[in-house]
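**Q** Taking our numbering, the leading residue of the sequence shown gets -2, the next gets one more, and so forth.
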Amino acid sequence: MDTTHRRPPHADTAPARPSGFLRRCLNVPIGIQSIIAVGLGALLGSLAPAAGGQMKILGDVFLNLVQVVVLPLVFPLIVLGIARMESVKKVGRIAGKAILYFELVTTVILLIAVGLAKVTGIGKGAPVHGADARDLDGLSQGIDFHELVLHAVPKNIFAAFGEGNLLGAIVFALLVGIAMAAIGEKSEPFAAVLESVAAVMFKVVGYVIRIAPLGVLGFISYDVAHYGFGNLRSLLGFIAVVYAGLAIVIGALFPLIAAIYRIRYVELLKSIAGLAGIAFVTRSSEAVLAPLMGKLEEFGVSRSTTSFVVPLGYSFNTDGSVLYQAAALVFLANAYGADTSLPALLLMVGVLVILSKGMAGVASASIVVLIAAGNSIGLPAEGIALLLGVDFIVDMARTGVNVIGNSLAATVVDSSEKRRAAKRGSGETLHAQAEPETPSLHKEPAQ
-2 MDTTHRRPPH
8 ADTAPARPSG
18 FLRRCLNVPI
28 GIQSIIAVGL
38 GALLGSLAPA
48 AGGQMKILGD
58 VFLNLVQVVV
68 LPLVFPLIVL
78 GIARMESVKK
88 VGRIAGKAIL
98 YFELVTTVIL
108 LIAVGLAKVT
118 GIGKGAPVHG
128 ADARDLDGLS
138 QGIDFHELVL
148 HAVPKNIFAA
158 FGEGNLLGAI
168 VFALLVGIAM
178 AAIGEKSEPF
188 AAVLESVAAV
198 MFKVVGYVIR
208 IAPLGVLGFI
218 SYDVAHYGFG
228 NLRSLLGFIA
238 VVYAGLAIVI
248 GALFPLIAAI
258 YRIRYVELLK
268 SIAGLAGIAF
278 VTRSSEAVLA
288 PLMGKLEEFG
298 VSRSTTSFVV
308 PLGYSFNTDG
318 SVLYQAAALV
328 FLANAYGADT
338 SLPALLLMVG
348 VLVILSKGMA
358 GVASASIVVL
368 IAAGNSIGLP
378 AEGIALLLGV
388 DFIVDMARTG
398 VNVIGNSLAA
408 TVVDSSEKRR
418 AAKRGSGETL
428 HAQAEPETPS
438 LHKEPAQ
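(1) Assign Gly122 to one of two classes, buried (16 or more other C-beta atoms within 10 Å of its C-beta) or exposed (fewer than that).
(2) I'd like the list of long-range same chain contacts for Pro69, defined as Cβ closer than 7 Å, with 5 residues on each side in sequence excluded.
(3) Would you say Phe313 and Ile29 are within 8 Å of each other, going by their C-beta atoms?
(4) Should the segment 196 to 213 be regarded as contacting the segment 102 to 113, the criterion being three or more beta carbon pairs within less than 8 Å?
(5) From Val150 to Ser43, what distance separates their C-alpha atoms?
(6) Taking only three categories from DSSP, how would you classify Asn314?
(7) Here's a check: name, in chain order, each residue in its chain whose Cβ is nearer than 8 Å to the Cβ of Phe251, leaving out the five neighbours to either side.
(8) Taking its Cβ as the centre, do 16 or more other Cβ atoms sit within 10 Å of Val306, making it buried, or is it exposed?
(9) Just checking my contact of Ala34 with Leu214 at CB under 8 Å: how many whole Å lie between their CB atoms?
(10) Near Arg395, which residues of its chain fall below 6 Å by C-beta distance, leaving aside the five closest residues on each side in sequence?
(11) Taking 6 Å as the limit between beta carbons, can you name the residues of its chain near Ile217, skipping five residues before and five after?
(12) With a threshold of 6 Å on Cβ separation, who are the neighbours of Gly234 within its own chain once the five nearest residues in sequence on each side are excluded?
(13) Taking all protein chains shown into account, do 16 or more other C-beta atoms lie within 10 angstroms of the C-beta of Ala8, making it buried, or fewer, making it exposed?
(14) Compute the Euclidean distance between the alpha carbons of Lys463 and Val76, then round it to the nearest angstrom.
(15) Assuming the contact rule is C-beta atoms closer than 8 Å, Ala324 and Val246 should be a hit. Round their C-beta distance to whole Å, please.
(16) Give a yes or no on contact between the segment 175 to 190 and the segment 253 to 261, applying the rule of three or more CB pairs nearer than 8 Å.
(17) Short check: CB of Ala407 to CB of Val298, under 8 Å?
(18) Go to Ile54, then tell me how far its alpha helix (DSSP H) extends in each direction, as first and last residue.
(19) If you drop the 5 nearest sequence neighbours on each side, which residues of the same chain put their C-beta closer than 6 Å to that of Phe177?
(20) Out of Pro46, Ile167, Arg259, point me to the one whose CA is closest to Tyr311's CA.
(21) Can the beta-carbon of Ala284 be found closer than 8 Å to that of Ala273?
(22) Of the residues Ala287, Ile260, Phe59, which one's Cα is nearest the Cα of Val67?
(23) Starting from Pro377, trace the alpha helix (DSSP H) both ways and give me its first and last residue.
(24) Is it the case that the Cβ atoms of Glu294 and Ser268 are separated by a distance below 8 Å?
(25) Less than 8 Å between the beta carbons of Thr302 and Glu414, yes or no?
(26) Give me, in chain order, the residues of the same chain whose beta-carbon lies closer than 6 Å to that of Pro210; leave out the 5 immediate sequence neighbours on both sides.
(27) How long is the line joining the alpha carbons of Asp129 and Leu309, rounded to whole angstroms?
(28) Whose C-beta lies closer than 6 Å to the C-beta of Gln138 among residues of the same chain, with five residues either side of it excluded?
(29) Would you tell me roughly how many angstroms separate the C-alpha atoms of Leu55 and Ala270, rounded to the nearest one?
(30) Which residues bound the alpha helix (DSSP H) around Pro151?
(31) Measuring straight from C-alpha to C-alpha, what distance separates Leu476 and Ala330?
(32) Looking at Asp411: is its Cβ nearer than 8 Å to the Cβ of Arg280?
(33) Between which two residues does the alpha helix (DSSP H) harbouring Thr279 extend?
(34) Could you have a look at Tyr258 and say whether DSSP puts it in helix, strand or coil?
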């Protein structure tokens, strides 16, 4: 009798151990899992390049899973955010604030990058003549503003969704949200459907993010196996200047902006650090677009502001990318002995201010803008081809900064709106308090 009662506990506890161990592994923070994946990927790519090159499929699958959810989530969030604003006037005000912020901040970042690159003199003596322009095949088409406008106003919204046209989806969602706000209660059934779709997509994103470390493992294995570390020596100065510039932006410019608007910058960084790390490794800011909006809502940013400003910033507020482009152009100008006087550098900044707008948040998209800017100021494509060898290293950092910059932009715009609402509320309170007092002052002398 005793033996029969002693055996079942052993039978029950034996299979429970691996499940408990697996549960503990899954409970490890996603950031730590990604760091472990980085180490394993670097080891695999260096020791077994053939196997490391094949691991890229894990990263591609992860990005595909994320990108398939982006538009089905972003579209209803933008529509609901616009529809629930008090008026169309508020939509225009938030859009105006966001675009003004994007322009001012990116211009300051460009000046920081150009000044830093000019002072350090990066690029002098670089082996640009050994670059192969054939590496740029398929990238040298440049930026067509006519196509950019048509891209923003697609003739078929379903085709735009199929192509992953985020800018077109934003414009269409803006129109739908304004229309829903205009018709009022009649739009409530459609709003309920969109709310349900957004909730389901958020749940799907949660599932996808769980496998992010596998995507990290795949990308790092491929990058180390494909690019190696042989080309780093001659371009180490360029990499150092880019990382130093990005550090200045994160450690000085962003905290200054946050202090002006009384934003808890350190807490904001802590809340989005894991997502910025995923963007850093995958080199795609779209990989964290959906969970980033959720994190910002948890931080206290209103959903209407987040769902509008963050997707807009992915096309118009690429802070890390514009810094890289400015440093790269100065690097190439020094390498080829081109004019780097103050007027030439200011022209360079002006060209980048225009060309950097509308850039998609995908891996290595900065190269396209860099080629267009280089052509406009007379720099040959061969030098840009040289930078492709280390693009994946700087691309990781600039993508992470893009995520932080867009998070700060949404928080700043939301803080500005809350200040405005507070001032209006206090003004109305004072006006309401003043109204009953004025008649009594006039009545007393009459009595």
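No residue lacks a Cβ here, since even glycine has one placed at the ideal position from N, Cα and C. Source: prediction; values computed, not measured.
**A** So, to answer that:
(1) As a working mapping, residue 122 is identified with position 125 in the sequence shown. The residue is exposed, with fewer than 16 neighbouring Cβ atoms inside 10 Å.
(2) Here residue 69 refers to the residue found at position 72 when the sequence shown is read from its first residue. Cβ within range, chain order: Val194, Met198.
(3) Position 316 of the sequence shown, counted from the start, is the residue given in the question as residue 313. Position 32 of the sequence shown, counted from the start, is the residue given in the question as residue 29. Phe313 places its beta carbon 8 Å or farther from that of Ile29.
(4) By the criterion of at least three beta-carbon pairs nearer than 8 Å, the segment 196 to 213 is not in contact with the segment 102 to 113.
(5) Position 153 of the sequence shown, counted from the start, is the residue given in the question as residue 150. Position 46 of the sequence shown, counted from the start, is the residue given in the question as residue 43. So the two alpha carbons sit approximately 46 Å from each other.
(6) Your numbering for residue 314 matches position 317 in the sequence shown. Assigned with DSSP and collapsed to three states, Asn314 falls in coil, not helix or strand.
(7) Translated into positions along the sequence shown, residue 251 becomes position 254. Exclusion of the five residues before and after Phe251 leaves Tyr262, Ile401, Gly402, Leu405 as the residues of its chain whose Cβ lies within less than 8 Å of its Cβ.
(8) Position 309 of the sequence shown, counted from the start, is the residue given in the question as residue 306. Val306 is buried by the Cβ-count criterion.
(9) The residue you call residue 34 lines up with position 37 of the sequence shown. The residue you call residue 214 lines up with position 217 of the sequence shown. The C-beta distance from Ala34 to Leu214 rounds to 4 Å, short enough to meet the 8 Å contact threshold.
(10) Numbered from its first residue, the sequence shown carries residue 395 at position 398. Closer than 6 Å at Cβ, skipping near neighbours: Gly317, Ser318, Tyr321.
(11) For the purposes of this step, residue 217 is taken as residue 220 along the sequence shown, with counting starting at 1. So the qualifying residues of the chain are Val35, Gly38, Ala39.
(12) Here residue 234 is taken as the residue at index 237 of the sequence shown, counted from 1. Shown here for Gly234: same chain residues with a beta carbon closer than 6 Å to its own, the five before and five after excluded, namely Ile119 in chain order.
(13) Within the sequence shown, numbered from 1, the residue matching residue 8 stands at position 11. Here the model assigns Ala8 a pLDDT of 46, short of 50, so the residue's position is not dependable, and the following value carries that caveat. Classification for Ala8: exposed.
(14) Absent from the structure is residue 463, since the part of the chain shown begins at -2 and ends at 444.
(15) Position 327 of the sequence shown, counted from the first residue, corresponds to residue 324. Position 249 of the sequence shown, counted from the first residue, corresponds to residue 246. The beta carbons of Ala324 and Val246 sit about 12 Å from each other, so the pair does not count as a contact at 8 Å.
(16) Result no; under three Cβ-Cβ pairs closer than 8 Å.
(17) Position 410 of the sequence shown, counted from the start, is the residue given in the question as residue 407. Position 301 of the sequence shown, counted from the start, is the residue given in the question as residue 298. Cβ distance < 8 Å, so Ala407 and Val298 count as in contact.
(18) Indexing the sequence shown from 1 puts residue 54 at position 57. Residues 53 to 80.
(19) The residue you call residue 177 lines up with position 180 of the sequence shown. Phe is not the amino acid found at residue 177; the sequence shown has Met there. These residues qualify, in order along the chain: Ala80, Ser184.
(20) The residue you call residue 311 lines up with position 314 of the sequence shown. Looking from the CA of Tyr311, the closest CA among Pro46, Ile167, Arg259 belongs to Ile167.
(21) Locating residue 284 in the sequence shown gives position 287, counting from the first residue. Locating residue 273 in the sequence shown gives position 276, counting from the first residue. No; because the gap between Cβ atoms is not below 8 Å, this pair is not in contact.
(22) For the purposes of this step, residue 67 is identified with residue 70 of the sequence shown, where counting begins at 1. Closest option to Val67, Cα to Cα, is Ala287.
(23) Within the sequence shown, residue 377 is the residue found at index 380, counting from 1. Taken as a continuous stretch (DSSP letters only), Pro377 belongs to no alpha helix (DSSP H), as it is neither H nor E.
(24) As a working mapping, residue 294 is identified with position 297 in the sequence shown. As a working mapping, residue 268 is identified with position 271 in the sequence shown. Cβ distance not < 8 Å, so Glu294 and Ser268 don't count as in contact.
(25) Counted from its first residue, the sequence shown places residue 302 at position 305. Counted from its first residue, the sequence shown places residue 414 at position 417. Yes, they are a contact pair.
(26) Within the sequence shown, the letter at position 213 stands for residue 210. A distance below 6 Å between beta-carbons, with the five flanking residues on each side excluded, links Pro210 to the following residues of its chain, in chain order: Gln30, Ser31, Ala34.
(27) The residue labelled residue 129 in the question sits at position 132 within the sequence shown. The residue labelled residue 309 in the question sits at position 312 within the sequence shown. With a pLDDT of 47 at Asp129, under the threshold of 50, the modelled position of that residue is not reliable, and the figure given next carries that caveat. Computed Cα separation, rounded: 36 Å.
(28) Counted from its first residue, the sequence shown places residue 138 at position 141. Low per-residue confidence applies at Gln138: pLDDT is 44, beneath 50, and the placement is therefore not dependable, though the value from the model is reported in the following sentence. Excluding positions up to five away in sequence, the list is empty.
(29) In the sequence shown, residue 55 corresponds to position 58, counting from 1. In the sequence shown, residue 270 corresponds to position 273, counting from 1. Leu55 and Ala270 have their C-alpha atoms spaced approximately 23 Å apart.
(30) Sequence index remark: in the sequence shown, residue 151 carries index 154 (1-based). Careful: Pro151 lies outside any alpha helix (DSSP H) and carries neither H nor E.
(31) Nothing about residue 476 can be read from this structure; the chain reaches only from -2 to 444.
(32) The residue you call residue 411 lines up with position 414 of the sequence shown. The residue you call residue 280 lines up with position 283 of the sequence shown. Judged by beta-carbon spacing, Arg280 lies beyond the 8 Å limit of Asp411, meaning their Cβ atoms are not closer than that value.
(33) The residue labelled residue 279 in the question sits at position 282 within the sequence shown. Note, Thr279: alpha helix (DSSP H), 262 to 279.
(34) Counting from 1 along the sequence shown, the entry for residue 258 is found at position 261. If DSSP states are grouped into helix, strand and coil, Tyr258 belongs with coil.
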